[in-house]
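Working notes for the structure below.
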Amino acid sequence: MPQASEPRRDLRLKGLHKRYPNGYTAVKSLDLEIPQGSFFALLGPSGCGKTTTLRMVAGLEDVTSGTIHIGDQDITREKPYRRPVNTVFQNYALFPHLTIAENVEFGPKRRGVKDSAARVKAILELTELTEQAGKRPAQLSGGQQQRVALARALINRPEVLLLDEPLGALDLKLRRAMQLELKHIQEEVGLTFVHVTHDQEEAMTMADTVAVMNQGVIEQMGSPYELYTNPRTTFVANFLGRSNLIKGTVVGREGSGADAAVKVDMFGTLVSIQADRVHTDSKEGWIGIRPEKLLIQPAGSQSDDPGNHFSDAVVISSSYIGVSTEYVLKMPWGQELICFEQNRGVRGGLVQVGAHVDVSWRQEYVYLLDSSQDAEAGLEGA
Amino acid sequence: MITRVGNWIGRHLMITMGILVLIYMYIPNFVVALMSFNDASESRNLYQFQSFTWNNWLNPCEPNGMCESLRVSVSVALVATIVATILGTLASFALVRHRFEGRSTMNLFIFLPMATPEIVMGSSLLALFVAGGLGGKLGFWTILVAHILFCLSFVVVTVRSRLAGLDSNLEKAAMDLYANEWQAFWRVTFPLVFPGVLAAALLAFSLSFDDFIITNLNSGQTVTFPMFVWGAAQRGVPMQVNVVGTAMFLISLAVVVGGEMSSRRRAKMLAAR
């Protein structure tokens, strides 16, 4: 492992492009910098190019143009077995004719590592597989196979560990447990993890930084918090969590510096949006608000919630999910909005379908997106 | 009551039917084994059991030309198996693992000989050999060429299906784990494809050993074992033919049982660990 005094070994992709012989472009001039030791997630729907990107880093797919560096080392055209990179494959790709111990020892043996037996022992202990060492992959459960795949890659102490939907084949409960375990192992070994997934919850729980990918490009990159609270595109707004998107017209700007805001007219209501949450230059825009940021009150009740207020919304459906309730509200201008409310019991019961309610939101939670984008983008993936 | 009777029939009918079918399939083998101990020297009726003797087993080469024909058949089968297995395995890799121009056409042309009637293939090969000026030189080499030809399709079919069921990510995983192309092939791909290659080789051997129609048309003066049996059948088959038949049956039985036992032992060893 590199010492602290050595130069940083960040993974850098520059202008990475992948065009298949049949003319399909999977990845379009991708630029990405992944700091050494971070847990990075590439999130996107199937076919967005995330797996292709990963396979190019591993060397399993040729690069059409662009470069891949780890630190100063150019690995763009390097053979897969000469890269300081290991992969956990989607279906694990364990060698069926070898035992678990032989599977794990495969990498160290090829590299002629001397203390490979000791290393195997240690890594099997870390992944709690000591008992299974003599078995074949087919004799293990899905969760155990997943850990073998992880152990087989980790034992080589790669500079970058690539994980291609590593939890996709597990059931929900096991997946949650493995998410925590993976995160824990990453903190323990301190390697750079690049995790490809289509599961937004998985990406958000595990990764320090998430890049949302769509149709071969990165739509937005940042911490889970940034992506969720301040999405830049309708795709991110819909794919990561859910969003209400309402048409609005920009009427002016006010303030300057940190206080700068954009005034938007939304069916007669003036909404003031902080400048750093405005992601369009055009006159029109999509006003976005997360469903849990909508507050509802029985119609006519005194509300001291600050922000924008709308009266005369009608509850047209409600679904009770235990911890919260999801309401669909019909707004005065005819649009249906989603609202999540925690079941804290403050009103002493659920709001009935058909009830008239007042709706409010705090303006600092609102974001403005470009009206040229499809308001439905990213929905089918959610 | 009715259900109980139904159950009884359901349980035992299946077994009875199964045993009957097995008997039907194996009766010829039993007859051949029995006849290999028949002392036919006193009788003209060769298909009746006269008296018991070890003579046929002790002097298998007694009939004139039989062992010579056996030697021809075994050597043709061995060489044809080796060549067809190597060529067929390589072709399967090309067809499964690589995308190239004319791949599907090639697929079709490789499988076509399997669907061609033997008599058609045999006579067309003969025409080819004669047209190629080999009319007077028909024999071991022309038989060999013909056998390699028809074994090839069967090898490709067998290896191909094994290879197609193999996750191509396994090779990639091996390369990701620092194995170069050569190591990835010999440590991962080949061990996994090997059962298919072995099955293909056994199939090729028995197809070649057994072939009559194509061989008969392209053999010239050379006589293979099936041809010897055919020729002998006109006059009365020597009992030693039954010895060869029984021996072949026992050898294949030993191969199958041995394979089965070793795989069971492996599974047991794994479970015990």
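Going line by line, the protein sequences match chains A and B. Numbering of the first sequence is given in this note's numbering, commencing with residue 1079 and proceeding in unit increments. Numbering of the second sequence is given in this note's numbering, commencing with residue 2 and proceeding in unit increments. Note that the Cβ used here is the ideal one computed from N, Cα and C, for glycine as well.
Asked, Found
"Of the residues that make up the segment 1135-1158 of chain A, which ones have a beta carbon closer than 7 angstroms to any beta carbon in chain B?", "A1136, L1138, P1158"
"Buried or exposed, going by whether 16 or more other CB atoms sit within 10 Å of the CB of P1080/A?", "Legend: pLDDT at P1080/A = 47, less than 50; position of this residue unreliable, value from coordinates given subsequently. Exposed: under 16 other Cβ atoms inside 10 Å."
"So G123/B is in the alpha helix (DSSP H); what residue range does that whole segment cover?", "119-132"
"In terms of DSSP beta bridges, what is S1350/A paired with?", "K1341/A"
"Does the CB of M1079/A have a neighbour CB from chain B at under 8 angstroms?", "The pLDDT assigned to M1079/A is 47, lower than 50, so where the model puts this residue is not dependable, and the model offers no usable value."
"Just to confirm the assignment, what range does the beta strand (DSSP E) spanning E1180/A have?", "Here E1180/A belongs to no beta strand (DSSP E); instead the alpha helix (DSSP H) covers 1178-1188."
"Closest by CA to I1201/A, which one among A1339/A, I1148/A, E1266/A?", "E1266/A"
"Could you run through the segment 193-205 of chain B and flag, in chain order, every residue whose CB is less than 7 angstroms away from some CB of chain A?", "L193"
"Within this structure, are the beta carbons of L1269/A and V1288/A separated by less than 8 angstroms?", "no"
"Please confirm whether A165/B has its beta-carbon closer than 8 angstroms to some beta-carbon of chain A.", "no"
"Could you spell out where the alpha helix (DSSP H) holding Y1102/A opens and where it closes?", "No alpha helix (DSSP H) holds Y1102/A; DSSP gives it neither H nor E."
"Which same chain residues, not among the five before or five after F229/B, have their C-beta less than 6 angstroms away from its C-beta?", "M67, S70"
"Given that a residue counts as buried once 16 or more other Cβ atoms are within 10 Å of its Cβ, and exposed if not, what is L1094/A?", "buried"
"Would DSSP call S220/B helix, strand or coil?", "coil"
"Does any CB atom of chain B fall closer than 8 angstroms to the CB of A1229/A?", "no"
"What's the call for Q1380/A, buried or exposed, on a 16-neighbour Cβ count within 10 Å?", "exposed"
"Pull up the CB-CB distance for T1403/A and S1396/A, whole angstroms please, since I reckon it's below 8 angstroms.", "6 angstroms"
"V1393/A: which of V1431/A, P1410/A, Q1375/A sits nearest, CA to CA?", "V1431/A"
"Would you mind stating whether T54/B and F31/B have Cβ atoms separated by less than 8 angstroms?", "no"
"Between E1279/A and A180/B, what straight-line distance do the alpha-carbon atoms span, to the nearest angstrom?", "35 angstroms"
"Quick one: list the residues of chain B neighbouring P1244/A, beta-carbon separation under 7 angstroms, in chain order.", "Ordered by position in chain B, no residue passes the 7 angstroms Cβ test against P1244/A, which lies about 13 angstroms from the chain."
"Look at the alpha carbon of T1131/A and the alpha carbon of L167/B, and state the distance between them as a whole number of angstroms.", "24 angstroms"
"Against A95/B, what residues of chain A qualify as contacts under a CB-to-CB distance less than 8 angstroms, listed in chain order?", "Result: empty, since nearest Cβ-Cβ is about 17 angstroms, beyond 8 angstroms."
"Apart from the five residues just before and just after F112/B, which ones in its own chain have a Cβ nearer than 8 angstroms to its Cβ?", "S154, V157, V158"
"So which residues on chain A does K138/B lean against when the C-beta distance must stay under 8 angstroms?", "Ordered by position in chain A, no residue passes the 8 angstroms Cβ test against K138/B, which lies about 46 angstroms from the chain."
"How far does the beta strand (DSSP E) with G1363/A in it extend, from its first residue to its last?", "1362-1367"
"For M262/B, count neighbouring Cβ atoms within 10 angstroms of its own Cβ and tell me buried if that reaches 16, exposed if not.", "exposed"
"According to DSSP, is V6/B part of a helix, a strand, or is it coil?", "helix"
"Check whether the segment 1358-1378 of chain A and the segment 1310-1325 of chain A touch, using three or more Cβ-Cβ pairs below 8 angstroms as the test.", "yes"
"Round the Cβ separation of A1377/A and V1435/A to the nearest angstrom and send it over; I've been treating them as touching at under 8 angstroms.", "6 angstroms"
"Which residue spans inside the segment 69-118 of chain B form an unbroken alpha helix (DSSP H) run of at least 4?", "104-116"
"How would you write the range of the alpha helix (DSSP H) that M62/B sits in, first residue to last?", "The amino acid occupying residue 62/B in the given sequence is Cys; Met does not appear at that position. No alpha helix (DSSP H) contains C62/B, which DSSP labels as neither H nor E."
"Strictly by DSSP, which residues pair up with V1356/A?", "L1446/A"
"Taking the alpha carbon of L208/B as the reference point, which residue from L91/B, S74/B, R161/B has its own alpha carbon closest?", "S74/B"
"Out of M1291/A, Q1223/A, A1196/A, I1374/A, point me to the one whose CA is closest to A1171/A's CA.", "Q1223/A"
"Are the Cβ atoms of V1135/A and V1163/A separated by less than 8 angstroms?", "yes"
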